[in-house]
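Peer 1: In mature numbering (1 follows the signal peptide of the UniProt record, and there is no 0), the protein residues as written are -19 to -1, 1 to 331. Just so you know, even glycine gets a beta-carbon here, dropped at the ideal spot from N, CA and C. The model shown is predicted, which means the values in this text are computed figures rather than measured ones. My questions will all concern the structure given below.
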């Protein structure tokens, strides 16, 4: 009898604990339960936070400082995604792992949003591009054509020497006909944010007016940022910049800021010896004093060019992921872009 009482006294607390777990409130039961969302690149997380406010609990699936081109989720990451209300990613061939995970996530009733598909890549206002001005002669334009062919913009841009490294980039699922780095263009970001607003409104239609209000405020700030980029480009003494990889093509199209990229659209697309020689020659020709490296990618090829031309390095933040330092400093998309503008102003006038 004594043993039975002891057994019951042990079993009872365990039963109460398990009962408490089973009675845990579900998202549907909570009055102000936040939507659980995951994103890939940091700007999508930021836009979701700005638009959704207290109605969203959003995290990026990327760890701090990850390379968005080569990231592969762990099993633990996939379990997190499977529990989300929605997963917002860029698409446009950026996140190779998404195609493999789509079927599984759809079976788990996760709403998948390829925000990049909502961007009209044909809407760039070419009036923003300063072409055929006094600063750029026909010879200079020809030089930049060489640089463009080096910057790996599409399948035909790489030399035969670099076929293997082009294939290596393709293995990561990048479509070289499309530049996926749309989050670096402030006006395209408005379209990305609109895609975010739409999925939030679909999930919580009763908050539509709040989401619209938050979106409008964010869109206004992004438009102001766009005008700041215009100003930096218009007052620059030259428009060329050396970058570690070709993430800044939309600045070239919209603002006329020409990237001389050491690697291609993917960080995995390595330059050939000929590519490096061409970059060095163009840097010497234009007297470029800076090489712009990135916060989440270290490149031995950038170091080679830097040493060869005696240039100074500065960081141009690609915003795909935040670093631990960024997080501690409570940096945001807009504060980092302000620093990028300062970096650009120095690089384009040095």
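Quick one: is residue 104 buried, meaning 16 or more other Cβ sit within 10 Å of its Cβ, or exposed?
Peer 2: Exposed: under 16 other Cβ atoms inside 10 Å.
Peer 1: So what's residue 192 in DSSP terms, helix, strand or just coil?
Peer 2: It is helical.
Peer 1: Distance, Cα to Cα, residue 304 vs residue 28?
Peer 2: Cα to Cα, the separation comes out at about 18 Å.
Peer 1: Please state if the CB of residue 237 and the CB of residue 214 are separated by a distance shorter than 8 Å.
Peer 2: Cβ distance < 8 Å, so residue 214 and residue 237 count as in contact.
Peer 1: Would you mind sorting residue 171 into buried or exposed? The rule is 16 or more other CB atoms within 10 Å of its CB.
Peer 2: By the neighbour-count rule (16 or more Cβ atoms within 10 Å), residue 171 is buried.
Peer 1: Per DSSP, what kind of secondary structure is residue 115 in: helix, strand or coil?
Peer 2: Note that residue 115 scores a pLDDT of 41, beneath 50, so its modelled location is shaky and nothing firm can be said.
Peer 1: Counting C-beta neighbours from all protein chains within 10 Å, is the total for residue 50 16 or more, i.e. buried, or is it exposed?
Peer 2: Label assigned to residue 50: buried.
Peer 1: Of the choices 252, 223 and 247, whose alpha-carbon is the least far from that of residue 239?
Peer 2: Of the candidates 252, 223 and 247, the one whose C-alpha sits nearest the C-alpha of residue 239 is 223.
Peer 1: Under a Cβ-count criterion, where at least 16 other Cβ atoms within 10 Å of its own Cβ denotes burial, should residue 84 be classed as buried or exposed?
Peer 2: Result: exposed.
Peer 1: Which of the three DSSP states is assigned to residue 276 in this structure?
Peer 2: Residue state, collapsed to three classes: coil.
Peer 1: Quick one, which of 19, 25 and 321 has its alpha-carbon nearest residue 363's?
Peer 2: As shown, the chain starts at -19 and ends at 331. That puts residue 363 outside it, with no answer to give.
Peer 1: Give me whichever residues DSSP pairs with residue 295 in a beta bridge.
Peer 2: DSSP output for residue 295 lists 273 as bridge partner(s).
Peer 1: From residue 210 to residue 100, what does the alpha carbon distance come to, in whole angstroms?
Peer 2: So the two alpha carbons sit approximately 20 Å from each other.
Peer 1: Does the separation of the CB atoms of residue 332 and residue 15 fall below 8 Å?
Peer 2: For residue 332 there is no data in the structure shown, the boundaries of the chain being -19 and 331.
Peer 1: What are the uninterrupted segments assigned as beta strand (DSSP E) that are 3 or more residues long and contained completely in the region 157 to 232, given in chain order?
Peer 2: The region 157 to 232 contains these whole beta strand (DSSP E) runs: 221 to 226.
Peer 1: Go to residue 307, then tell me how far its beta strand (DSSP E) extends in each direction, as first and last residue.
Peer 2: Note, residue 307: premise wrong, no beta strand (DSSP E); alpha helix (DSSP H) at 305 to 309.
Peer 1: By the three-class DSSP mapping on this structure, what secondary structure does residue 333 have?
Peer 2: Nothing can be reported for residue 333: it is not among the residues displayed for the chain, which extend from -19 to 331.
Peer 1: For the beta strand (DSSP E) that residue 242 lies in, which residues bound it at each end?
Peer 2: Per DSSP, residue 242 belongs to the beta strand (DSSP E) from 239 to 244.
Peer 1: Give me, in chain order, the residues of the same chain whose beta-carbon lies closer than 7 Å to that of residue 217; leave out the 5 immediate sequence neighbours on both sides.
Peer 2: Correct list, in chain order: 329 and 330.
Peer 1: Since residue 16 sits in a beta bridge, which residues does DSSP pair it with?
Peer 2: Note: residue 16 sits in a beta bridge opposite 37.
Peer 1: Closer than 8 Å is the cut-off here; do at least three beta carbon pairs connect the region 244 to 264 with the region 281 to 290?
Peer 2: With the cut-off at 8 Å, the region 244 to 264 and the region 281 to 290 touch.
Peer 1: Consult DSSP for residue 92 and reduce its assignment to one of helix, strand or coil.
Peer 2: Here residue 92 sits in strand by DSSP.
Peer 1: Return the residue from the list 301, 89, 297 and 227 that minimises the CA-CA distance to residue 159.
Peer 2: Here the closest residue by C-alpha is 227.
Peer 1: Buried or exposed: which applies to residue 291, given that a residue is buried once 16 or more other Cβ atoms fall within 10 Å of its Cβ?
Peer 2: Exposed, since its Cβ has fewer than 16 Cβ neighbours within 10 Å.
Peer 1: Would you identify the three-state DSSP class for residue 67, choosing helix, strand or coil?
Peer 2: Correct three-state label for residue 67: strand.
Peer 1: Here's a check: name, in chain order, each residue in its chain whose Cβ is nearer than 6 Å to the Cβ of residue 361, leaving out the five neighbours to either side.
Peer 2: A question about residue 361 goes unanswered here, because the residues of the chain that appear run from -19 up to 331.
Peer 1: Excluding the five sequence neighbours on either side, which residues of its own chain have a C-beta within less than 6 Å of the C-beta of residue 35, listed in chain order?
Peer 2: Closer than 6 Å at Cβ, skipping near neighbours: no residue.
Peer 1: Could you say which of 325, 266, 278 and 271 lies nearest to residue 248 if we only look at CA atoms?
Peer 2: Answer by Cα proximity: 278.
Peer 1: Restricting to Cα atoms, I'd like to know which of 325, 44 and 41 is closest to residue 369.
Peer 2: The requested residue 369 does not occur in the structure, where the chain is confined to residues -19 to 331.
Peer 1: Reducing DSSP to helix, strand and coil, say where residue 52 ends up.
Peer 2: Coil, per DSSP.
Peer 1: DSSP state of residue 101, grouped into three classes?
Peer 2: Coil, per DSSP.
Peer 1: Give me the residue from 189, 309, 321 and 287 with the minimum Cα distance to residue 298.
Peer 2: That would be 321, whose Cα lies nearest to the Cα of residue 298.
Peer 1: Which of helix, strand or coil does DSSP assign to residue 87?
Peer 2: In the structure shown, residue 87 sits in a helix (DSSP, three-state: H, G or I).
Peer 1: Just mark residue 207 as buried or exposed, buried being the case when its beta carbon has 16 or more other beta carbons within 10 Å.
Peer 2: Label assigned to residue 207: buried.
Peer 1: Considering Cα atoms alone, identify which of 198, 17 and 308 is closest to residue 45.
Peer 2: When only C-alpha atoms are compared, the closest one is 308.
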